[in-house]
Each structure stands twice: as structure tokens, then as C-alpha cells.
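Enquirer: If you scroll down you'll find the structure; I have some questions about it.
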Amino acid sequence: MAEERLTRAIEEGMNLSKRIYFGKQNSNKNFSVSPPQHFVMEKKLSAASSFNHSSYLLPTSPMVYAVISDPLMVDNPDIPSYQPHIHGKCVPPALIPLHMKEISMEIDCFLDTAFVTVTGVWRVHCIKRNRSCFSRLVVPMSEQGSVLGVEVDVSERSYTTQLVPMEENMDRPKLTKSHRGGFLTPEMFALTIPQAEGGSNISVKISWSQKLSFNNGQFSLSIPFKFPEFIIPPGEGNSKVEKIKLNVDSGTGTEVLGMKASHPIKIARKQVGRLECLYEAEVSTWSQTEFSFSYAISCTMVSSCDITGGLLLHSPSKQDLDQREMFCFYLFPGKNTSKKVFRKEVVFLIDISGSMQGKPLESVKEALFASLMNLNQDDSFNLIAFSGETLLFSSSLQLATTETIEQATQWMQANFVTGGGTNILQPLSQAMEMLSNMFDSDSIPHIFLITDGSVENEKHICELVRNQVATRGSRFPRISTFGIGIHCNHYFLQMLALIGKGHHGAALHPDLIEIQFQRLYTTASSTVLANIVVDKLNHLGAIEVYPRYIPDLSSGNPLIVSGRYKGEFPDSLKVSGFLSDMSNFTIDLKPQRAKGISLDRVVAKKQIDLLTAQAWLSQSKELEEKVVQISLQSSVPSEYTRMILSQTEREKQASESVGLQEVHKVNLEKLVNPKGHGIILLRSLGYGFGNIKATADNVFPGFGDPLFPDSASDPISKAASNFCAKYCDCCCCMCFIRTCSRVNDQCAIVLTQLCAALSCFGCLNCCVDLCCDF
């Protein structure tokens, strides 16, 4: 697992940091990056247990680490000290957390999207003055986060990320070796920065966007901002200042109310529809808690206002290649809407193919049990498990009584046995037929498809469902999809959910399955306004709407619809639908000009996902080019663009910076060579379009290949290092030698000769320095 690899690298870095001397005045102060004392005892535990106990080392805030492959470079650049000699290399490289000198964060919230920018300065305090090393930036964020850009200044060089169009030969094996950035996990972005000299400062600015949560009429967001004590620079005279700036824009001039935050932010400026808050303090220790906040807008604070909405218009910038006008309308469910949801008729389709064995299927069972327990007794449900064949819990839907749910739980335990291939069409057809005549006046039928695989007939499935929707209209069941891992085609699942007027969710890591599926289920099944229709849009010229099929409004999720048009927008927009008591609901939305944050940035991520799904289905090159345009303009990554890290010398930056036009012309062989154009190709930040072969072979639905593979190529030194690391986990090589006295003579001779051979590579000296001082 990526988390375990990262934690072990940081553990080794913590051990190496004990070589750093900070001077007599700090000898009695805990300014070293050493972990707490109980870490010593963990070295005697098993590997798995050690990871569980040391997982506290995983970053809970933006962090920068020195990448150490040669232990000899570790020392205080200001106060050189005598260092015992160490032979050999660190394989894989160790990570020493750098001291942080400054940190600030700015957050802009608009509708359901937050744009986060973190700026910080870290000092390379652990490398000799005449040496340099790579550094690694690691930023934890939400799984739904999209990295928008990174800027780094170190010594006389600057590094900047930017997006470029995807080219066919970018993913050749020869080029993939240059990957030095991407997502370590679905919730952790990492980037390697070359050549940081000992004693230098590394200035980092990273921006990303993520979705705000919505619950009971309130928006909320949490951002990792909890810094460990061991990154505090030594010395009592170093002042530390934290800054957080929070801007909230309601969009249509409605008042922002009920602001709550984890840190003591103060309102710096308040206007109708806009709130500016600021937190700035000189601190002795960096923030020890994540930054979280919540707020509501005035209309959602009033109990009589269950559903409210707004309509925004926005003109494109001169740089926008699409010069059509933009519109965006939204509906927000109020505080009381959760009590007025439609009755549910639900069929769960669960993939039990061979690749779901173990953690994935166990997590799905837990998530299904929680979903069944949330059904009301007048709701009904059924379960269909599928691989190459299908297994039905019942031939028809059953009421969600306590007894029936208990029977379904026992049925899952007995029948969820993994094996076989993946056939999605058969169970989906059975579910659609089962729900064909179940649309009562006060209920909505739902299908939830859970899978970790791709199949060859995905486009046929989409066309079949599209034809069914055209035939049956609003009586067709809602289809929501949930993809596990990277082998399934998330754009097929998105398209299927789009046609079925449902929702799509994903868990790119097995540990996230339960929480992400519950989020999807709550959103999709808590419908408060169904069969939404928008009048007057068809009168506009060159109209384009995202999403094309407007989904229902749920109690836990705002509905946001955007698009482009030509012509004169009407004076009002009429949006109507049906409530759970089958009464009509109508709201007239008056257009207002969007101010502040550009509307195209807010809706870019959703538009890119929807257009990518449509491009996949239609195989349209025109749609692919459209995705590229939106991606480059908004800095939101896509399947058809790749992120690069470009390097420029500071004094030459103005004249030699690499622009988009130049990037288009560079040779890819040189593009990945930092000595050529100073450009490094980063790992793709998209989902991909699935892997049919991996599905057929029942490959476990992992997150992907390791982002940062072992750097050493020497197999002998790597073997020696791995041998040393393995035995250091339980004691050390010296302790291993002592065990020779407790075995028979022949075994003792073999073990002693082996240890003597390894000592030629400095393994034993390294163990003495790093382990035996415990």
C-alpha cells in the first residue's frame, strides 16, 4: 500500500535525522525531528503492527520532505558536526520532514465548490551545505479534489506545473520512468522537486478545488491543516505566523449566516451575499487541528423555505475559445426537506466476480447492510448478485421489515462468494424488468449498480438504457452507479447514471468503499423533488446544457445545472417538478450577473467529466478537443491533458519560460529530460477508461502502480539494504548475529558468512548507527 511505503520512508528519515546536531543551546529541547519515544518499542513489532502504530507519521497537512538516498549527506548545514561513517544507500530513499518557516491558506467558496491555495516555506535543515537532494511535496486533500497548479521556488530555480494536450506516445514505457508527481492515494497528491541545496529555503504554492458538503441546509468543508511538532524550527527567537483567509460568496446576493470555524477567524468584511474572514496569529506551535468551517445562506435558514434557487449569467472572457454566454441555475434543499423524501423501491446489483474477493466485497456487504437499515418499513428492496451468472434474493421486491432485512443479511453471507467473470447487462435487465411496473404515485424506483470491472458491451448497455428511457420517460427507474478501483470504466458508469438520471460515486481505494457508497446512496435515495423540467431554455440559440438529463433534487445535495447559449436570455426561468405528496412545485428564477469568482471555473470540473463520458460513448474527436480546451482554460486536469513540471532559471524566467505554444512543439524524448527543456512529465491525474483484460483476469481493484518506485538500480546493494531493513524491524543485524550462538554449528557458519558478506556493503555499520543506539 502507498500509505505503508510512505510511512516506512518517513520512519527511516526520522532515524537518520538523529544525526543532526542543533547546538548546545538546543540540546535539551525537542527540536529534533525525532518521533516520540514509544517509536523505539515499535521496531520490535511485526511489519504490519509497526505500520499500524506508526501511521501517525502520515501527513495531516501539506508537508515537504528531503529525499535521502545517500545517508552521508545528512547533517546540519549551519553547524557541521562529526558524523559516523555510513556505507551503502537508502533503498528506497528515506524521507526527512523539513522544518516549516511560514504557512498561509486562502479559501474561496462559490456555490458548492471551494478553491484552496496553500503557500508555505520549508528549510532544508538536514543536508550538508555543499550537497543537494530531491524534495517531495505531499498534500492530503479530499478524494474529490482536483489539483489546479503548483509553483516552487528553490535556490535560483523556479518550477511550475501546467497542463498540455495529451499525445499518443506520452505513455510509452520509456517515458513513464519520468513520473515524479501524481496521486499517491485518492486523497494524497505528491510531487518531487529536484535539486534543493542544504540550508536553502523551498517556497511552495499549491492550489486545488474540492466540493463542499451539504447537510441540513448547511455547507461545510474540512481541509487538512494539522502540523506535527517535529517540523518546528529550533530556537526560541523564530517567530511563526499562521494566516488563513476565507471568502464566501452566496452567488445571488443572499446573506451568509451561521458561520462556524475550527480556528478563531474574524469577519473582516461583510456585504450582502459575500463574507470575508481572516485569521492571523503569531504562534508557538503550528496548527494542531484541521481547518473546518460551515455556513448557510439566508433562505436555507428559514424553516418555511424548503427549496430555494438562483440563476446566474456570465459572459466569457476574451481568452475563452467558446464565446457563447454562460448560465447556471441551482436549487438548494432546505433544512426540513429530509423529512419529505419519496418512498423508495430499490434494487441493488452487486458484483461478486473473482476480483472482489476479500476487502472489497466485505466492505460492500457492510455498506449494503447500513443502506438496508436506513430504509423505512414502507420501502421495498431486492438484491441481485452477479458474476458470469446472477443470484436473486427474491423474485420480486420485498418490504423492508426487520425480519426481511435480517433474511437479506443472511442471504448475503451465504451467497456472496466470489468467482467467475463480470456480466453487467443481465442483472441490469432483470432489475429494469422487476421495476417496470413499480412506479407508484408516491415512490421512485432506484437501481444501484456496484462493480469493480469493465465489460466489452458497455456502449451497447448505454444505448439500451437510453432507448428504455425514451420509451418510458419519467416512469423509468433511476440508475446510480458505484465504481471500485481503477479497472472499471468510470466514464461508462457516469454515462449510465447520466442517462438514468441518477448519480455516480467511486472508491479508488478499498478502505473508502463504505463511506463513499453511503454518500452516494444518501444522495441518490433522498429525493425531494422529482421529474424536474426547465421551461424557456429551448428558445435560446446554440443551447448546451450540463447535464443533458436533469437529475432529481435530493435532501443532501444541491442541484446545479450550467450551460452555454446564444441570444437574449429570458427575464425569468421557470423550474418545476413533483414533491413527495405528488403536488406540483414551481419556482421562477430571476437572472443575475455573477460577480467575483468566474463561473466557468466553478462548473469546469463537472463539465469536463460529463463531456468526457459523452466523448467516450460517441468516440467524438470534437468532444475530446472541447474537453482539452476547457481543461487548459480552467487548469482542471482531464483524460486528454497531462500535467508537466517546467523548470526555469530565475534570472532567465522572463525570456525562457515555457509557454503552451512552445510545449506543443517540443520533442517528447527531450520533454521528459530535465537537462533538455527543463520539463518533467507527471503521472496522469485522470481515472482512465477501465481495463477489460484486468477485469477478465479478476485482478484485484488496486489504485495503480507505485508512484515513486525504488530509485536504486544496483541489485546487490538493494538486496543488502532490504536484508538490513527487514532485520532492523525486529532488532538489528548485530542481534541477528548473536542468534548464531543458539543454533547448530553448520547453520551458525552459514549465517556468519552471510553477515560477513553483507558487511562488505556497509550493512552492519549502518545497522549500528541506526538501530543499536536504541
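Residue -12 is where the sequence shown starts when you use the working numbering, and the numbers rise one by one after that. Backbone N, C-alpha and C define an ideal beta-carbon position, used for all residues, glycine too.
#1: Could you check whether Phe278 and Met92 sit closer than 8 Å to each other, using their CB atoms as the reference points?
#2: Name, in chain order, the residues that DSSP records as bridge partners for Lys608.
#3: Between Cys77 and Glu(-1), is the Cβ-Cβ spacing less than 8 Å?
#4: If we ignore side chains and look at the alpha-carbon of each, how far apart do Pro181 and Lys230 end up?
#5: Let me know the secondary structure DSSP gives Gln70 once reduced to three states.
#6: How long is the line joining the alpha carbons of Ala248 and Ser423, rounded to whole angstroms?
#7: Please say whether Leu604 and Met482 have beta carbons closer to each other than 8 Å?
#8: Can you tell me whether Ile180 is helix, strand or coil according to DSSP?
#9: If you follow the beta strand (DSSP E) that Met246 is part of, which residue opens it and which one closes it?
#10: Run through the DSSP bridge pairs and tell me what Ser267 is partnered with.
#11: How should Ala268 be labelled, buried or exposed, when 16 other C-beta atoms within 10 angstroms of its C-beta is the threshold for buried?
#12: Let me know if Thr389 comes out buried or exposed under the rule of 16 or more other beta-carbons within 10 Å of its beta-carbon.
#13: Would you kindly report the start and end of the unbroken beta strand (DSSP E) that includes Leu546?
#14: Would Leu135 pass as a contact of Val442 if the rule is Cβ separation under 8 Å?
#15: Hey, could you find the ends of the alpha helix (DSSP H) Pro414 is sitting in?
#16: Looking at the structure shown, is Thr396 part of a helix, part of a strand, or coil, going by DSSP?
#17: Here's the rule: buried if 16 or more other CB atoms are within 10 angstroms of the residue's CB, otherwise exposed. What is Leu233?
#18: Work out the CA separation of Gly487 and Ile466 for me, nearest whole Å.
#19: Compute every distance between the C-beta of Asp293 and the non-hydrogen atoms of the ligand ZN, then say whether any falls below 7 Å.
#20: Determine the DSSP secondary structure at Arg(-5), reduced to helix, strand or coil.
#21: In angstroms with no decimal places, state the Cα-to-Cα distance between Glu263 and Ser133.
#22: Express the C-alpha separation of Phe217 and Leu178 in angstroms, rounding to a whole number.
#23: Please determine, among Ile519, Pro67, Tyr552, Leu516, the residue with the shortest C-alpha to C-alpha distance to Ile530.
#24: Would you kindly work out how many angstroms separate the C-alpha atoms of Thr831 and Leu436, rounded to a whole number?
#25: Going by DSSP in three states, Tyr508 sits in which element: helix, strand or coil?
#26: Considering just the uninterrupted stretch of the alpha helix (DSSP H) at Phe329, what are its terminal residues?
#27: Which residues in the same chain have their Cβ closer than 8 Å to the Cβ of Met421, if we skip the five residues on either side of it in sequence?
#28: Check each candidate in Ile617, Glu612, Lys680 and name the one with the smallest Cα separation from Glu154.
#29: Taking only the alpha-carbon atoms, compute the straight-line gap between Asn571 and Thr295 and give it to the nearest angstrom.
#30: Could you spell out where the alpha helix (DSSP H) holding Lys680 opens and where it closes?
#31: Checking the sheet assignment: what are the DSSP bridge partners for Leu560?
#32: Considering only residues of the same chain and omitting the five flanking positions on each side of Gly222, which have a CB-CB separation below 6 Å?
#33: Beta-carbon within less than 6 Å of Val532's beta-carbon, same chain only, minus the 5 sequence neighbours each way: which residues are those?
#34: For Cys449, write down the residues that DSSP places opposite it in a beta bridge.
#35: Going straight from the alpha carbon of Ser56 to that of Glu501, what length do you get?
#36: If I measure Cβ to Cβ from Arg506 and keep anything under 6 Å in the same chain, skipping five residues before and after, which residues do I get?
Expert: So, from the listed chains and residues:
#1: yes
#2: Lys608 is not bridged to any residue.
#3: yes
#4: 28 Å
#5: coil
#6: 48 Å
#7: yes
#8: strand
#9: 243 to 248
#10: For the sequence presented, residue 267 should be read as Glu rather than Ser. Paired residues: Lys230.
#11: exposed
#12: exposed
#13: 546 to 553
#14: no
#15: 412 to 421
#16: helix
#17: buried
#18: 5 Å
#19: The ligand ZN is not part of this structure, which contains no ligands at all.
#20: helix
#21: 24 Å
#22: 22 Å
#23: Tyr552
#24: Because the chain here runs from -12 to 761, residue 831 falls outside it and cannot be looked at.
#25: helix
#26: That residue, Phe329, is in no alpha helix (DSSP H); it is neither H nor E in DSSP.
#27: Val334, Asn369, Ser383, Leu384
#28: Glu612
#29: 15 Å
#30: 679 to 683
#31: Leu576
#32: none
#33: Gly550
#34: Looking at the DSSP assignment, Cys449 forms no beta bridge with any residue, so it has no partner.
#35: 38 Å
#36: none
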